[in-house]
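There are 2 protein chains.
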Amino acid sequence: MAKTKTDIREAIMTAGRLAVQAHGYNALSFRELAKDVGVKSASVHYHFPTKGDLGAALARRYTEEGSAALNELLATMSNPAQIMDRYVAIFRAALANDNRMCLCGIMSAELDDLPEEVRVEVDKFAAVNLAWLERVLVIAQPKAPKPALTDQATAIFAAIEGAQLVARGCQDIGIYDRSIRAYRGTGLIP
Amino acid sequence: MAKTKTDIREAIMTAGRLAVQAHGYNALSFRELAKDVGVKSASVHYHFPTKGDLGAALARRYTEEGSAALNELLATMSNPAQIMDRYVAIFRAALANDNRMCLCGIMSAELDDLPEEVRVEVDKFAAVNLAWLERVLVIAQPKAPKPALTDQATAIFAAIEGAQLVARGCQDIGIYDRSIRAYRGTGLIP
DNA sequence: GCGTCGCTATCTACCGATAGACAGGAAACA
DNA sequence: TGTTTCCTGTCTATCGGTAGATAGCGACGC
Numbered sequence: 807m808a809k810t811k812t813d814i815r816e817a818i819m820t821a822g823r824l825a826v827q828a829h830g831y832n833a834l835s836f837r838e839l840a841k842d843v844g845v846k847s848a849s850v851h852y853h854f855p856t857k858g859d860l861g862a863a864l865a866r867r868y869t870e871e872g873s874a875a876l877n878e879l880l881a882t883m884s885n886p887a888q889i890m891d892r893y894v895a896i897f898r899a900a901l902a903n904d905n906r907m908c909l910c911g912i913m914s915a916e917l918d919d920l921p922e923e924v925r926v927e928v929d930k931f932a933a934v935n936l937a938w939l940e941r942v943l944v945i946a947q948p949k950a951p952k953p954a955l956t957d958q959a960t961a962i963f964a965a966i967e968g969a970q971l972v973a974r975g976c977q978d979i980g981i982y983d984r985s986i987r988a989y990r991g992t993g994l995i996p
Numbered sequence: 807m808a809k810t811k812t813d814i815r816e817a818i819m820t821a822g823r824l825a826v827q828a829h830g831y832n833a834l835s836f837r838e839l840a841k842d843v844g845v846k847s848a849s850v851h852y853h854f855p856t857k858g859d860l861g862a863a864l865a866r867r868y869t870e871e872g873s874a875a876l877n878e879l880l881a882t883m884s885n886p887a888q889i890m891d892r893y894v895a896i897f898r899a900a901l902a903n904d905n906r907m908c909l910c911g912i913m914s915a916e917l918d919d920l921p922e923e924v925r926v927e928v929d930k931f932a933a934v935n936l937a938w939l940e941r942v943l944v945i946a947q948p949k950a951p952k953p954a955l956t957d958q959a960t961a962i963f964a965a966i967e968g969a970q971l972v973a974r975g976c977q978d979i980g981i982y983d984r985s986i987r988a989y990r991g992t993g994l995i996p
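In the order they appear, the protein sequences are chains A and B.
Under the working numbering, the letters of the first sequence match residues 807 to 996, in that order.
Under the working numbering, the letters of the second sequence match residues 807 to 996, in that order.
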């Protein structure tokens with residue numbers, strides 16, 4: 807089967823996402839990426855004229871796919887605790903996959919070096935997650951005041967990203983698991 | 807006043823720490839660093855032969871100074887809630903200082919690109935913080951079983967690092983403050 | 001006088017980006 | 001239908017810039 811234009815574009819985006827999740831945006835290289843995909847770096851520039859275009863496309867796609875998966879979760883499950891089980895499992899999967907991180911989490915660490923178009927996508931990812939978490943919390947704690955749930959959603963997102971970061975840094979996924987367990991124990995996570 | 811050898815070394819380490827906290831280890835450049843300090847890049851190589859040496863020295867110093875400050879805290883204060891107030895304030899200060907991050911937190915995100923000698927220092931920083939947090943928790947919750955406190959210490963450290971990461975990514979220190987407030991509300995942080 | 005220490009100058013390797021050639025297929029026209 | 005034209009997508013080759021690292025020189029202090 808011949809490679810179509812879309813095939814290569816998709817291959818670039820997949821390889822790019824994996825590379826960023828493992829090494830960050832700064833370490834993303836057109837040459838390396840091209841080698842992975844099996845083309846020349848100039849061809850990558852054809853599909854993504856600048857590195858900023860590529861980074862923004864990666865982050866946008868990451869957010870879109872994440873958002874779709876989260877909405878699917880909310881649509882098919884009703885127990886908040888079970889929903890949150892799945893949520894924390896998503897972030898755990900990145901770690902389990904070769905000690906990778908959330909794409910937008912790792913990009914947050916590199917914020918000062920990101921082109922503006924990438925930065926806005928990182929912000930969007932956080933916004934999508936916070937809004938979704940708040941929806942779950944409304945189900946879990948219908949009587950709680952709304953502002954408190956907003957804070958809690960923020961705290962949950964930050965806590966999970968942090969658990970992923972520290973677990974990655976220590977190369978010990980057990981740190982992630984123990985942190986999540988403690989979050990649940992205190993009721994931070996339903 | 808003339809610059810002694812130690813002056814230059816210290817200036818390099820200070821500028822280096824600030825640069826890493828703002829841009830990460832990968833973005834740390836001998837040329838930029840030399841320009842900041844007012845010497846040539848070859849001179850920086852004289853004090854720190856390789857980039858790995860410099861990174862490891864920065865992380866080691868960061869851990870040592872942090873450890874000393876934390877021990878001082880424990881020695882002069884007795885109320886766990888007040889002690890934790892000071893602890894979260896330390897991490898907040900980095901954010902307030904030009905949206906910087908914990909040096910070892912940002913290095914954790916770059917883990918795959920770190921030389922081994924830097925990696926071990928990052929691990930040490932986490933270990934020092936976890937051990938210290940556990941000591942504070944033992945004071946705050948003397949009746950709790952030890953393993954639970956270990957988990958809680960891990961969770962607190964991860965949560966604070968995460969709050970810092972997300973707040974930095976969104977360039978909104980309010981995210982840090984709201985997260986910490988929620989952590990306290992649930993009792994995760996005493 | 002012999003180390004110490006910062007300098008100049010240079011090396012190799014890699015970066016993102018661009019120019020220009022070329023193959024192949026679709027589209028337009030006879 | 002046969003021919004010409006245009007566009008798409010990839011290639012080779014190269015640019016200017018920066019990275020970390022090194023060799024060797026000269027100034028200065030013990």
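Here a beta-carbon is modelled for each residue, glycine too, at the ideal position from N, C-alpha and C.
DSSP state of residue i mapped onto helix, strand, coil
{"i": "Glu816/A", "result": "helix"}
{"i": "Pro921/A", "result": "coil"}
{"i": "Ile841/B", "result": "Reading off the sequence shown, one finds Lys at residue 841/B, where the question assumed Ile. Lys841/B: helix per DSSP, three-state reduction."}
{"i": "Pro789/B", "result": "Because chain B is modelled from 807 through 996, residue 789/B falls outside the range shown and cannot be assessed."}
{"i": "Val944/B", "result": "helix"}
{"i": "Pro996/B", "result": "coil"}
{"i": "Pro855/A", "result": "coil"}
{"i": "Phe830/B", "result": "The displayed chain sequence assigns Gly, not Phe, to residue 830/B. Here Gly830/B sits in coil by DSSP."}
{"i": "Asp978/A", "result": "coil"}
{"i": "Leu906/A", "result": "Checking the sequence shown, residue 906/A turns out to be Arg, not Leu. If DSSP states are grouped into helix, strand and coil, Arg906/A belongs with coil."}
{"i": "Ser835/A", "result": "coil"}
{"i": "Thr916/A", "result": "Correcting the residue identity first, residue 916/A is Glu in this sequence and not Thr. Correct three-state label for Glu916/A: coil."}
{"i": "Ala954/B", "result": "helix"}
{"i": "Lys930/A", "result": "helix"}
Inter-residue Cα distance where the pair is residue i and residue j
{"i": "Gly822/B", "j": "Leu839/B", "result": "7 Å"}
{"i": "Val845/A", "j": "Met819/A", "result": "13 Å"}
{"i": "Ile995/A", "j": "Leu939/B", "result": "21 Å"}
{"i": "Ser847/B", "j": "Lys841/B", "result": "8 Å"}
{"i": "Leu876/A", "j": "Ala933/A", "result": "13 Å"}
{"i": "Glu870/A", "j": "Asp904/A", "result": "23 Å"}
{"i": "Val944/A", "j": "Leu936/A", "result": "12 Å"}
{"i": "Arg892/A", "j": "Glu816/B", "result": "48 Å"}
{"i": "Ala833/A", "j": "Lys930/B", "result": "25 Å"}
{"i": "Ala808/B", "j": "Pro886/B", "result": "Because Ala808/B carries a pLDDT of 40, less than 50, the predicted location of this residue cannot be relied on, and no value is offered for it."}
{"i": "Ala924/B", "j": "Gly975/A", "result": "The displayed chain sequence assigns Val, not Ala, to residue 924/B. Cα-Cα distance, rounded: 11 Å."}
{"i": "Phe854/A", "j": "Met907/A", "result": "23 Å"}
{"i": "Gly993/B", "j": "Arg941/A", "result": "23 Å"}
{"i": "Leu880/B", "j": "Phe963/B", "result": "17 Å"}
{"i": "Thr882/A", "j": "Ile814/A", "result": "34 Å"}
{"i": "Leu920/B", "j": "Val926/B", "result": "10 Å"}
{"i": "Ala959/B", "j": "Pro948/B", "result": "14 Å"}
{"i": "Tyr831/B", "j": "Arg866/A", "result": "26 Å"}
{"i": "Tyr868/B", "j": "Tyr852/A", "result": "44 Å"}
{"i": "Ser884/B", "j": "Arg990/A", "result": "28 Å"}
{"i": "Leu824/A", "j": "Ile912/A", "result": "12 Å"}
{"i": "Glu878/B", "j": "Gly872/B", "result": "10 Å"}
{"i": "Val843/B", "j": "Val843/A", "result": "42 Å"}
{"i": "Gln888/A", "j": "Asp983/B", "result": "28 Å"}
CB contact flag (residue i, residue j, <8 Å)
{"i": "Leu914/B", "j": "Val894/B", "result": "In the sequence as presented, Leu is not what sits at residue 914/B; that position holds Ser. It is not a contact, given that the beta carbons lie outside the stated cut-off."}
{"i": "Ile981/B", "j": "Ala988/B", "result": "no"}
{"i": "Ala965/A", "j": "Ala946/B", "result": "no"}
{"i": "Leu864/B", "j": "Leu901/B", "result": "no"}
{"i": "Phe897/A", "j": "Gln970/A", "result": "yes"}
{"i": "Asp918/B", "j": "Ala828/A", "result": "yes"}
{"i": "Lys985/A", "j": "Ala950/B", "result": "Before going further, note that residue 985/A is Ser rather than Lys in the sequence given. For Ser985/A and Ala950/B, no; Cβs fall outside 8 Å."}
{"i": "Phe836/B", "j": "Val826/B", "result": "no"}
{"i": "Gly968/B", "j": "Glu967/A", "result": "yes"}
Interface positions of the stretch 892–914 of chain B facing chain A (Cβ-Cβ less than 8 Å), listed along the chain: Within the stretch 892–914 of chain B, those residues whose Cβ lies closer than 8 Å to any Cβ of chain A are, in chain order, Asn905, Met907, Cys910, Gly911, Ile912, Met913, Ser914.
Hey, is the stretch 846–863 of chain A in contact with the stretch 953–968 of chain A, meaning 3+ C-beta pairs nearer than 8 Å? Contact between the stretch 846–863 of chain A and the stretch 953–968 of chain A is absent, because fewer than three Cβ pairs lie under 8 Å.
Chain A contacts from the stretch 810–832 of chain B (Cβ-Cβ distance under 7 Å): So the list reads Ala828, His829, Gly830, Asn832, given in the order they occur along the chain.
Could you run through the stretch 916–950 of chain A and flag, in chain order, every residue whose CB is less than 7 Å away from some CB of chain B? Along the stretch 916–950 of chain A, going in chain order, the ones with a CB nearer than 7 Å to a CB of chain B are Glu916, Leu917, Asp918, Asp919, Val928, Asp929, Ala932.
Along the stretch 850–868 of chain B, where does the CB come closer than 8 Å to a CB of chain A? Name the residues. Per Cβ criterion, the list is empty.
Can you list, in chain order, the residues of the stretch 979–993 of chain A whose Cβ is nearer than 7 Å to any Cβ on chain B? If you check each beta-carbon in the stretch 979–993 of chain A against every beta-carbon of chain B, the ones closer than 7 Å belong to Ile981, Arg984, Ser985, Arg987, Ala988, Tyr989, Thr992, Gly993.
Name, going along the chain, the residues of the stretch 950–964 of chain B whose beta-carbon falls closer than 7 Å to a beta-carbon of chain A. Cβ contacts with chain A: Asp957, Gln958, Thr960, Ala961, Phe963, Ala964.
Using Cβ-Cβ distances below 9 Å, what residues of the stretch 965–976 of chain A are close to chain B? Cβ contacts with chain B: Ala965, Ile966, Glu967, Gly968, Ala969, Gln970, Leu971, Val972, Ala973, Arg974, Gly975, Cys976.
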